[in-house]
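Chemist:
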Amino acid sequence: MGLPSFFINTTLKGRPSPAFSVSAGEEDSKMSWKWRFEALRPPWAPQLKPFALISKTEEMYWDRNGKPKKSTKKLYAKLGHTEIQPLKMMRRISLRNCNDYDKDETLLWCPFSFSTNAEIYLKNGIPFDVVAFNTLIKGLFAENKVEDAVELFKKLVRDKICEPNEVMYAIVMNGLCKRGHTQKTLSLLRLMEQDAAINILNEMKQKDVLPNIVTYNSIIDGLCKLGQWEKMDYAKEGKVKDAEEVMKHMVEKGVEPNIITYSALMDGYCLRGQVNRARRIFDSLREKGIETDIFSYNILIKGYCKKKKVDDAMQLFCEISQKGSKPDIVAYNTILQGLFEVGRTGDAKQIYAEMLSAGTKPNIYSHVTLLNIIMLSQKEDGCVAGFLEERLNVGLNFILSAKVDQKRRLQV
DNA sequence: ATAGGGTTAG
Numbered sequence: 209m210g211l212p213s214f215f216i217n218t219t220l221k222g223r224p225s226p227a228f229s230v231s232a233g234e235e236d237s238k239m240s241w242k243w244r245f246e247a248l249r250p251p252w253a254p255q256l257k258p259f260a261l262i263s264k265t266e267e268m269y270w271d272r273n274g275k276p277k278k279s280t281k282k283l284y285a286k287l288g289h290t291e292i293q294p295l296k297m298m299r300r301i302s303l304r305n306c307n308d309y310d311k312d313e314t315l316l317w318c319p320f321s322f323s324t325n326a327e328i329y330l331k332n333g334i335p336f337d338v339v340a341f342n343t344l345i346k347g348l349f350a351e352n353k354v355e356d357a358v359e360l361f362k363k364l365v366r367d368k369i370c371e372p373n374e375v376m377y378a379i380v381m382n383g384l385c386k387r388g389h390t391q392k393t394l395s396l397l398r399l400m401e402q403d404a405a406i407n408i409l410n411e412m413k414q415k416d417v418l419p420n421i422v423t424y425n426s427i428i429d430g431l432c433k434l435g436q437w438e439k440m441d442y443a444k445e446g447k448v449k450d451a452e453e454v455m456k457h458m459v460e461k462g463v464e465p466n467i468i469t470y471s472a473l474m475d476g477y478c479l480r481g482q483v484n485r486a487r488r489i490f491d492s493l494r495e496k497g498i499e500t501d502i503f504s505y506n507i508l509i510k511g512y513c514k515k516k517k518v519d520d521a522m523q524l525f526c527e528i529s530q531k532g533s534k535p536d537i538v539a540y541n542t543i544l545q546g547l548f549e550v551g552r553t554g555d556a557k558q559i560y561a562e563m564l565s566a567g568t569k570p571n572i573y574s575h576v577t578l579l580n581i582i583m584l585s586q587k588e589d590g591c592v593a594g595f596l597e598e599r600l601n602v603g604l605n606f607i608l609s610a611k612v613d614q615k616r617r618l619q620v
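If you're matching positions, the first sequence starts at 209 in our numbering and goes up one per residue.
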């Protein structure tokens with residue numbers, strides 16, 4: 209079924225008019241979370257309920273074949289942390305409301321537009337449900353719009369727009385806890401966010417939403433990372449202790465910790481430099497009958513590297529292959545960085561070559577690390593020759609093009 | 001078939 213001719217010519221100038229649009233309260237309100245939802249009724253199918261697609265109105269249009277133009281892509285990127293997620297969401301929403309239409313085409317018919325900087329507006333019959341909101345909130349966190357995400361969450365609860373479920377709590381928890389892992393500058397703000405995370409846990413309790421393994425793991429991971437921003441004082445490992453408490457609690461509630469739980473805990477200890485404790489957990493997994501995976505190896509390898517115990521790291525690294533699996537790109541990058549930091553450029557070169565011959569493709573991390581290694585060995589040898597010279601060019605090109613891509617994305 | 005958890009640099 210083709211698109212109606214009326215619609216094919218529809219561009220942003222002539223798009224269908226809203227079936228209803230709900231305006232936003234004060235335009236100039238200072239509040240940071242503001243959304244506008246606008247429901248459009250397809251003019252060729254007035255019997256349809258308005259249905260939802262998230263888009264930036266002014267950038268939405270279609271070409272002659274009915275395909276959305278590039279500009280809609282901006283929108284996906286804006287809302288979700290991958291392009292796939294919002295797309296899935298739209299598909300789902302579209303399908304639910306437009307059963308009469310061919311699935312793929314339905315996706316293109318934009319009825320529900322969404323723009324930031326306006327108040328959230330939900331009306332009965334607009335099919336935004338908990339899953340859609342979860343996707344949205346996750347997208348906001350991914351965009352680092354932490355306040356927006358939290359405000360949206362609060363708004364949903366306060367105004368009873370949407371009853372949060374355990375998944376929503378997990379997203380918010382995780383979003384709050386995870387941030388700051390790399391951004392130490394905002395430490396104070398982050399701590400406040402941690403408080404918010406703990407409040408949410410209490411809220412869950414009150415509402416009788418039972419945490420499951422994923423929720424628990426989010427909490428444990430958050431607690432484990434929390435201590436990073438605390439001053440180095442007696443409270444140093446307090447939060448990991450809390451995490452251990454949470455773990456005990458989950459066992460009592462009949463939720464068995466899995467490899468992800470233990471990985472989060474191990475990472476927590478590694479971040480505090482207590483790699484030996486992490487190692488004990490790792491070794492104890494065998495007795496518990498829990499398979500260690502590449503994540504757990506990588507966490508521990510990083511822990512050893514951080515303590516400059518590169519030999520221990522190397523040993524674990526080799527164990528991966530001995531166990532019959534392959535080191536992944538993260539494992540390679542971690543060990544390369546570790547070798548670089550102790551100045552073992554020769555070993556690093558060898559590992560790098562092994563990585564290439566194993567068919568593992570270097571990514572931006574590997575290239576940056578390799579450049580560091582090259583610079584260091586140049587200092588030692590006075591020149592860069594052969595294999596390294598070639599890799600130097602490859603690496604530089606890769607990094608440059610990655611920078612360009614990043615710029616392009618930021619412009620969007 | 002819808003949404004959620006652990007690892008790598010600066």
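Glycine residues also receive a C-beta, built at the ideal position from the N, C-alpha and C atoms.
Nothing here was measured: the structure is a model prediction, and the numbers come from that model.
#1: Looking at L627: is its Cβ nearer than 9 Å to the Cβ of K433?
#2: Taking the alpha helix (DSSP H) that S529 falls in, what are its first and last residues?
#3: Suppose the cutoff is 6 Å on Cβ atoms and the five residues either side in sequence are ignored; what does the same chain contact list for H575 look like?
#4: Check whether the Cβ atoms of F490 and S504 sit closer than 9 Å, and answer yes or no.
#5: Shortest alpha-carbon distance to S426 belongs to which of Y573, G476, K362, C591?
#6: By alpha-carbon positions, which one of P465, V380, G383 ends up nearest to N420?
#7: Would you kindly work out how many angstroms separate the C-alpha atoms of A566 and Y560, rounded to a whole number?
#8: For V459, count the other beta carbons within 10 Å of its own beta carbon; 16 or more makes it buried, fewer makes it exposed. Which is it?
#9: Does the Cβ of F595 have 16 or more other Cβ atoms within 10 Å, making it buried, or fewer, making it exposed?
#10: Please report the distance separating the alpha-carbon of L384 from that of D367.
#11: Which first and last residues belong to the alpha helix (DSSP H) in which V576 is found?
#12: Once you ignore the five residues that flank I582 on each side, which residues in its own chain have a CB closer than 7 Å to its CB?
#13: Under 7 Å Cβ to Cβ from L493, same chain only, skipping five residues before and after it: list those, please.
#14: Does DSSP put D491 in a helix, in a strand, or in coil?
Modeler: Let me spell this out:
#1: Past the boundaries of the shown model lies residue 627; the chain is included only from 209 to 620, so the question cannot be answered.
#2: 518–530
#3: G603, F606, I607
#4: yes
#5: G476
#6: P465
#7: 10 Å
#8: Classification for V459: exposed.
#9: Around the beta carbon of F595, a 10 Å sphere encloses fewer than 16 other beta carbons of the protein chains shown; the residue is thus reported as exposed.
#10: 22 Å
#11: 572–589
#12: Closer than 7 Å at the Cβ level, and outside the excluded window around I582, lie V592, L596, L600.
#13: Taken in chain order, the residues that qualify are Y470, T500.
#14: helix
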